[in-house]
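Chemist:
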Amino acid sequence: MTARIDTLLVHAGALRPSPEGAVVTPIFRTANYEAGEEGAADEVRYVRYSNTPNHRVLGARLAAAEGGEAGLVTASGMAAISATLLSALSAGDHLLCQAGVYGGTTSLMLRHLPRWGVEVSFVDLDAPETWAAALRPTTRLFYVESISNPLLRVGALDEVVSFCQGRGLTSVIDNTFLSPALFRPLPFGFDVVLHSATKLLNGHSDIAAGAIVADAARVEAARRTLNHLGGSLDPGACALLERGLKTLGLRAHRQSASALTLAHRLRVHPKVRRVYSPGLPDDAGFARASAWFQGVGPCLSLEVSDLPTAMALVKGVRVFTHAASLGGVESLIVRPARSTHAHFSAEERSALGITDTLVRLSVGVEDVEDLWDDLAAALG
Ligand code: PLP
């Protein structure tokens, strides 16, 4: 289907003709399917193989939305990340990774991949001149996030693309913080785009899911790896994700606009020392975000004046919920030192710039004035 993104998010990949004329994709509540003709080479259709109608509709819809050839949904964002890395890399390979990516991804890189013979070097995405020194003859892949979690950094993504293209490296980007409604990395030049679909793509905080979009060969390789890792998405969760995707455009733009309004107001609050948002003109990521993205996404982080203020803020809010995760319709507040990065040592956290007084907000679709009143009251 060729259409604009908001139309694709509602219709692309839908079953045609629709079974029984159903207007939405029915949930195919079956784990296995009748085999075809004896001797035919068709693959077995089985829920763990992510090849049921619910999976196929979502794969096609996400591929259309991201401007890619093929798409695959997975049981979580981490399932998408691990299936992608394990299908692309073998023992002896090396990859470059942006320093300061999501804590679970960092743990996978630091604690698991090396046990299987895959080496990782972390690089500063703002210092492209340092990347070549980190290269090895075995380097295969460069892994980045469109906006990093939780410091909302926008790295030199254009330089990552040209660096990889010139050297035959696979460029992989986690686009969880923006979604294709706000940024489409594949037309920008990346090879693979990943998502925690638990976040903006689904948008209602009621499932865990992930997504991979790339060329057909890479997606098929990831699917075959996922088949054996066992990370397929349940068809019921597929239906919820499909429903969530239909309103992604509306939600992403609204949440982005509200996050920016709050960033501007918090920036001049006496108890806030610093606001991290690439939508603020004095933020290091502002020029890149304005040139590349259609919005800043739902998140912003703040450095508040001291620990008692941070704790009082998290405890005092009434409209925001104190909970991890992001991108849902309800606003959330969290201290990364106590959540996403709780399993890192104090030294590791400080090397990543994650202080005890850092607070991350995920802004939902509530009225922005109620969100502001809530934050202002809790800050005191
Ligand atoms: N990528 C980013 C940027 C995230 O923030 C998260 C989770 O918070 C993940 C990946 C992992 O996603 P999931 O929790 O769906 O496995």
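For what it's worth, my numbering labels the leading residue of the sequence shown as 35, then goes sequentially. The beta-carbon is built from N, C-alpha and C at its ideal position, and this holds for glycine as well. It should be emphasised that the depicted structure is a prediction, and the values quoted were computed from it without experimental measurement.
Could you pull the DSSP bridge partners for Gly-244 from this structure?
Modeler: Partner(s): Thr-108, Ser-230.
Chemist: Using the DSSP secondary-structure output, state which residues sit across from Val-338 in a beta bridge.
Modeler: Val-338 is bridged to Val-306.
Chemist: Whole angstroms is fine: what's the gap from Glu-68's alpha carbon to Ala-48's?
Modeler: Looking at the two C-alpha atoms, the distance is approximately 22 Å.
Chemist: Roughly how many whole angstroms lie between the Cα atoms of Glu-364 and Gly-70?
Modeler: The alpha-carbon atoms of Glu-364 and Gly-70 are separated by roughly 45 Å.
Chemist: On the CB-based measure, 16 or more other CB atoms within 10 Å of its CB, does Pro-342 come out buried or exposed?
Modeler: By the neighbour-count rule (16 or more Cβ atoms within 10 Å), Pro-342 is not buried but exposed.
Chemist: For the ligand PLP, is there a heavy atom less than 7 Å away from the beta-carbon of Ala-242?
Modeler: Checking every heavy atom of the ligand PLP against the Cβ of Ala-242, one is found closer than 7 Å.
Chemist: Under the criterion of a Cβ to heavy atom distance below 7 Å, does Glu-103 qualify as lining the ligand PLP?
Modeler: False, no ligand heavy atom lies under 7 Å from that Cβ.
Chemist: Rounded to whole angstroms, what is the Cα-Cα separation between Val-188 and Ser-335?
Modeler: Straight-line Cα distance between these residues: approximately 14 Å.
Chemist: Where do the N-terminal and C-terminal ends of the beta strand (DSSP E) with Arg-174 fall, by residue?
Modeler: Segment 173-179, the beta strand (DSSP E) holding Arg-174.
Chemist: So does Asp-268 have its beta carbon nearer than 7 Å to some heavy atom of the ligand PLP?
Modeler: Answer for Asp-268: no, Cβ out of range of the ligand PLP.
Chemist: Please work out which residues of its chain come closer than 8 Å, Cβ to Cβ, to His-377, disregarding the five sequence neighbours upstream and downstream, and give them in chain order.
Modeler: Contacts found: Gly-137, Ser-141.
Chemist: Would you tell me roughly how many angstroms separate the C-alpha atoms of Leu-185 and Thr-295, rounded to the nearest one?
Modeler: Near 18 Å, if we compare the C-alpha coordinates of Thr-295 and Leu-185.
Chemist: Does the structure place the stretch 251-268 close enough to the stretch 89-107 that three or more beta carbon pairs sit under 8 Å?
Modeler: These segments touch.
Chemist: Measure the C-alpha to C-alpha separation of Gly-151 and Arg-383 and round it to an integer number of angstroms.
Modeler: Going by the C-alpha atoms only, they are around 26 Å apart.
Chemist: Looking at Ala-245 and Ala-231, is the spacing between their C-beta atoms short of 8 Å?
Modeler: Yes; because the gap between Cβ atoms is below 8 Å, this pair is in contact.
Chemist: For the stretch 184-216, which segments carrying the alpha helix (DSSP H) assignment without a break, of at least 4 residues, lie completely within its bounds, in sequence order?
Modeler: Here the runs fully enclosed are 191-201.
Chemist: Looking at Ile-115 and the ligand PLP, is the gap between the Cβ and the nearest heavy atom below 7 Å?
Modeler: Yes, since a heavy atom of the ligand PLP falls inside the 7 Å radius drawn around the Cβ of Ile-115.
Chemist: Residues in the same chain with beta-carbon distance under 7 Å from Arg-299, minus the five sequence neighbours each way, listed in chain order, please.
Modeler: Counting only Cβ-Cβ distances below 7 Å, and skipping sequence neighbours, we find Trp-406.
Chemist: Quick check on Gln-132: buried or exposed, where buried means 16 or more other Cβ atoms within 10 Å of its Cβ?
Modeler: So Gln-132 counts as buried.
Chemist: Could you say which of Val-178, Leu-130, Leu-147, Glu-179 lies nearest to Phe-156 if we only look at CA atoms?
Modeler: Checked all of Val-178, Leu-130, Leu-147, Glu-179; the closest Cα to Phe-156 is Leu-130.
Chemist: Under 8 Å by Cβ, that's how I've got Arg-174 and Ala-122 pegged, so tell me the actual separation to the nearest angstrom.
Modeler: Confirmed, Cβ separation roughly 7 Å.
Chemist: Taking DSSP's pairing of strands, which residues face Tyr-80 in a bridge?
Modeler: In DSSP, Tyr-80 forms a bridge with Asn-66.
Chemist: Kindly give me the distance between the Cβ atoms of Val-393 and Arg-369, rounded to whole angstroms, as I take these residues to be in contact under 8 Å.
Modeler: Right, their Cβ atoms sit about 6 Å apart.
Chemist: At a cut-off of 7 Å, is Asn-88 close to the ligand PLP when judged by its beta-carbon and the heavy atoms of the ligand?
Modeler: Answer for Asn-88: no, Cβ out of range of the ligand PLP.
Chemist: If I'm right that Leu-43 touches Lys-280 with Cβ under 8 Å, what's the distance once you round it to whole angstroms?
Modeler: About 6 Å separates the two Cβ atoms, so the contact holds.
Chemist: With a threshold of 7 Å, establish whether the CB of Met-143 neighbours any heavy atom of the ligand PLP.
Modeler: Result no, Cβ not under 7 Å from the ligand PLP.
Chemist: I need the DSSP call for Ile-39, collapsed to helix, strand or coil.
Modeler: Helix, per DSSP.
Chemist: Once DSSP output is grouped into helix, strand and coil, what is the label at Thr-374?
Modeler: Three-state result, Thr-374: coil.
Chemist: Within the same chain, show all residues whose beta-carbon is closer than 8 Å to that of Ala-344, passing over the 5 residues directly before and after it, in chain order.
Modeler: Around Ala-344: Val-338, Arg-369, Asp-390, Thr-391, Leu-392, Val-393.
Chemist: So Ile-115 and Leu-228 are in contact, right, with Cβ under 8 Å, and what is the actual spacing, rounded?
Modeler: Sure, about 6 Å apart at Cβ, within 8 Å.
Chemist: Would you say Pro-221 and Ser-290 are within 8 Å of each other, going by their C-beta atoms?
Modeler: No; because the gap between Cβ atoms is not below 8 Å, this pair is not in contact.
Chemist: Once the 5 residues before and after Arg-170 are set aside, which same chain residues still bring their CB inside 6 Å of it?
Modeler: Same-chain partners within the cutoff: His-128.
Chemist: May I ask you to check if the CB of Glu-100 is nearer than 7 Å to at least one heavy atom of the ligand PLP?
Modeler: Checking the Cβ of Glu-100 against the ligand PLP gives no.
Chemist: Do you know how far the Cα of Gln-328 is from the Cα of Arg-38?
Modeler: Those two C-alpha atoms are separated by around 14 Å.
Chemist: Report all residues from its chain with a CB closer than 6 Å to the CB of Asn-66; omit the five preceding and five following residues, and keep chain order.
Modeler: Once the five neighbours on either side are set aside, the close Cβ partners of Asn-66 are Tyr-80.
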